[in-house]
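These notes are about the structure you will find just below.
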Amino acid sequence: MSALTRSARFGLWPRLRNLAARARSLLVYLSFSSASNAVGLLTTLFMIRHVMPQEFGRLAITLGALVVVNPVISFGADNLIAINKTKMPPEDYESFRRAYSNFALLIYVVAQALTLAVWLTTGWGDVLVLLVPLMAITKFFVNMASIEYVMEQRAVAYGLVQFLTTLVAAIVTIVLVLWVSPRAESRVAALMLADIALLVVRYGAKPAFLLSWRFESTTFVRIMKFGAPLMFSIAPAYLINEADKVVVARTLDLGAAGIYGAACTIAGFMLTFIMALLNATVPNIMAALKEGRETPPRTAMRYAMKFTGLTFAFAIVFLLAYTLAAKYLMPARYAAAIPVVYVLVGMMQMRSFYAVVGTITDYFGMTTEKLVGFVLGAAFSLGSMLLLVPRLGLFGAAFGIGMGYAALGGWLMLCLLRRQKSLHP
Numbered sequence: 000m001s002a003l004t005r006s007a008r009f010g011l012w013p014r015l016r017n018l019a020a021r022a023r024s025l026l027v028y029l030s031f032s033s034a035s036n037a038v039g040l041l042t043t044l045f046m047i048r049h050v051m052p053q054e055f056g057r058l059a060i061t062l063g064a065l066v067v068v069n070p071v072i073s074f075g076a077d078n079l080i081a082i083n084k085t086k087m088p089p090e091d092y093e094s095f096r097r098a099y100s101n102f103a104l105l106i107y108v109v110a111q112a113l114t115l116a117v118w119l120t121t122g123w124g125d126v127l128v129l130l131v132p133l134m135a136i137t138k139f140f141v142n143m144a145s146i147e148y149v150m151e152q153r154a155v156a157y158g159l160v161q162f163l164t165t166l167v168a169a170i171v172t173i174v175l176v177l178w179v180s181p182r183a184e185s186r187v188a189a190l191m192l193a194d195i196a197l198l199v200v201r202y203g204a205k206p207a208f209l210l211s212w213r214f215e216s217t218t219f220v221r222i223m224k225f226g227a228p229l230m231f232s233i234a235p236a237y238l239i240n241e242a243d244k245v246v247v248a249r250t251l252d253l254g255a256a257g258i259y260g261a262a263c264t265i266a267g268f269m270l271t272f273i274m275a276l277l278n279a280t281v282p283n284i285m286a287a288l289k290e291g292r293e294t295p296p297r298t299a300m301r302y303a304m305k306f307t308g309l310t311f312a313f314a315i316v317f318l319l320a321y322t323l324a325a326k327y328l329m330p331a332r333y334a335a336a337i338p339v340v341y342v343l344v345g346m347m348q349m350r351s352f353y354a355v356v357g358t359i360t361d362y363f364g365m366t367t368e369k370l371v372g373f374v375l376g377a378a379f380s381l382g383s384m385l386l387l388v389p390r391l392g393l394f395g396a397a398f399g400i401g402m403g404y405a406a407l408g409g410w411l412m413l414c415l416l417r418r419q420k421s422l423h424p
C-alpha cells in the first residue's frame, strides 16, 4: 500500500483539504477586513485632524448608545439567525426571517416614539439621541445580512460588501466634514447612508420580507423566549462595552472622552481581526458541536486556544507597526491617546476568549447563564474603572474593559463545565 493510499485511508488527505479550505476562508475574511479597517483607520485619522476632541466624544458616546438600543431592537435574539440558518430548511428560514424582521420593526416604532417623546418633554440629551433608534434598526438588518453571508460561507461576497460599505462611509464622511460641518452629525449620517446602501445590495430596493407586515404570534413568542433573559443583560453589556467612555467623560471631561474614543477607534483594528477570525471559525464550531465527537467544554478550549493564539500573534504585529507609525498619525491634541492603544489591544485578548466560549453557550441556549455572566463582568468592569480612572486616567478605563471580559469568559467556561457534569455525572 502506497503512502498516498494510506493517507487517504486514515483520513489525512480529507483533513488537509478541510484545513486548506478553512485557511482560504480565513484569508478572504482577513484580506477584506484588513482593507476595510485600513479605510476606517484613515477615516479616523482624517477626523482627528478635522474634528475637535469634544465632537469625537459626542460621537463615541452616541455610537456607544447603540450597545443598549441594538439588543432592544433585536430583543437579544439575533443569534437565532445563525442557529436557524444552520438548522432550518431554506423555506422555513425565509419564514423566520420575515417574522423576525416584522418583530424588530414593531419594537423600532415603539422605541422611536418613546425617544422622541422623552426628548421633547424633558429636553434631556444630545440631539443625536433622536437618531439612535433609526441607526439601531438599520444595524439590525445589516447584522442579519452579515450573519447570512457568513453562514452561507460566502466569504468573498461578505468581505466585498463590507469593504465597499466602509469605503462609502469614508467618502461621505470626508464630503460632509469638509463641506457641510466638522461635527459628529456628519459621521453619523455617513454611517447610516453606507449601511442603507449595503442593505440595498443584499436585499434589493424592495425586500419581499419587509413589504407585508404580519403579526406572527408563534415566531414572536419563540423570539421572546430566547431573547428575554438576554434583555436583562442590556445594561450589564453596556457597562462592559461602553461605560468606559462615560466614566472618562464624567471623571475627567468630554475632551478626554474624545481622546480615549480615538484610541479605541485605532485599537478597533484589532477587534476587526477578531471578528474576521470569528466569522471564519463559527461555521466550524457549529459543525463540531453538531457532530458531537467531543464534549462542548473540550471544543471550547480547543478553539479558544487556537483563537487566542492567533489574535495574540496578530496583536504583536499590529503593535510593532503602530509603534513605528504612531507619532506620525496623531496630532498634538490627541497625543495622550498613543500609549492607551497598547493597553486596549492587550485587553482584547480577554474578548477573544469570550468570543469563542460565548458562541458555544449561545448554541446551547444558555441565556440565563450568559445574563449572570454579563452582570458579573459588568461589576468587575465598572468597579475597576471607578477605582482606576481617578488614579490611572485613560489607562484605568482600558484595564476595566479587560477585567470585565475576563470575568465574563471565565464564568461561561465554568458554566459549560457544570453543564457537562450535570449531563454525565
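Note that numbering that gives the first Met the number 0 numbers the sequence shown so that position 175 is 174, with each residue one more than the last.
Ideal Cβ placement from N, Cα and C applies to all residues, glycine included.
Option nearest residue i by Cα separation, candidates the options
i, options, result
"residue 316", "294, 344, 338, 231", "344"
"residue 355", "224, 310, 39, 261", "310"
"residue 332", "419, 369, 53", "53"
"residue 26", "401, 153, 321, 105", "153"
"residue 139", "104, 126, 125, 230", "104"
"residue 358", "339, 174, 285, 386", "285"
"residue 146", "85, 326, 225", "85"
"residue 216", "101, 65, 180, 335", "101"
"residue 201", "171, 141, 155, 180", "141"
"residue 131", "197, 114, 250", "114"
"residue 189", "176, 199, 198", "176"
"residue 72", "407, 223, 169, 118", "223"
"residue 228", "328, 43, 370", "370"
"residue 169", "275, 39, 225", "39"
"residue 262", "325, 226, 106, 288", "325"
"residue 273", "381, 308, 127, 336", "308"
"residue 269", "293, 289, 320, 292", "320"
Close Cβ partners of residue i (< 6 Å) along its chain, the five nearest in sequence each way excluded
i, result
"residue 413", "none"
"residue 379", "402, 403, 406"
"residue 415", "295, 296, 299"
Cβ neighbour criterion (16 or more within 10 Å) applied to residue i
i, result
"residue 304", "exposed"
"residue 41", "exposed"
"residue 330", "exposed"
"residue 350", "buried"
"residue 184", "buried"
"residue 77", "buried"
"residue 405", "buried"
"residue 421", "exposed"
"residue 410", "buried"
"residue 220", "exposed"
"residue 417", "exposed"
"residue 408", "buried"
"residue 306", "buried"
"residue 399", "buried"
"residue 186", "buried"
"residue 372", "buried"
"residue 271", "buried"
"residue 59", "buried"
Own chain residues within Cβ distance below 7 Å of residue i, not counting five before or after
i, result
"residue 137", "191, 194, 195"
"residue 3", "Per-residue confidence for residue 3 stands at a pLDDT of 48, beneath the threshold of 50, marking its modelled position as unreliable; the derived number appears in the next sentence. There are no such residues."
"residue 56", "248, 253, 254, 256, 257, 260"
"residue 31", "158, 159, 161, 162"
"residue 67", "233, 237"
"residue 197", "141, 144, 160, 164"
Cβ neighbours of residue i in the same chain (closer than 8 Å, five flanking residues each side left out)
i, result
"residue 149", "81, 157, 278, 281, 282"
"residue 63", "237, 240, 241, 244, 245"
"residue 367", "228"
"residue 394", "338, 339, 342, 387"
Those runs of the alpha helix (DSSP H) which lie wholly inside the region 359-419 and span at least 4 residues
366-391
Segments of 4+ residues assigned as alpha helix (DSSP H) that fall wholly inside the region 67-122:
78-86, 89-121
Quick check on the DSSP output: what are the complete alpha helix (DSSP H) runs of length 4 or more inside the region 122-203, in order along the chain?
131-150, 154-178, 183-202
Entirely within the region 254-290 and at least 3 residues each: give me those beta strand (DSSP E) ranges in chain order.
none
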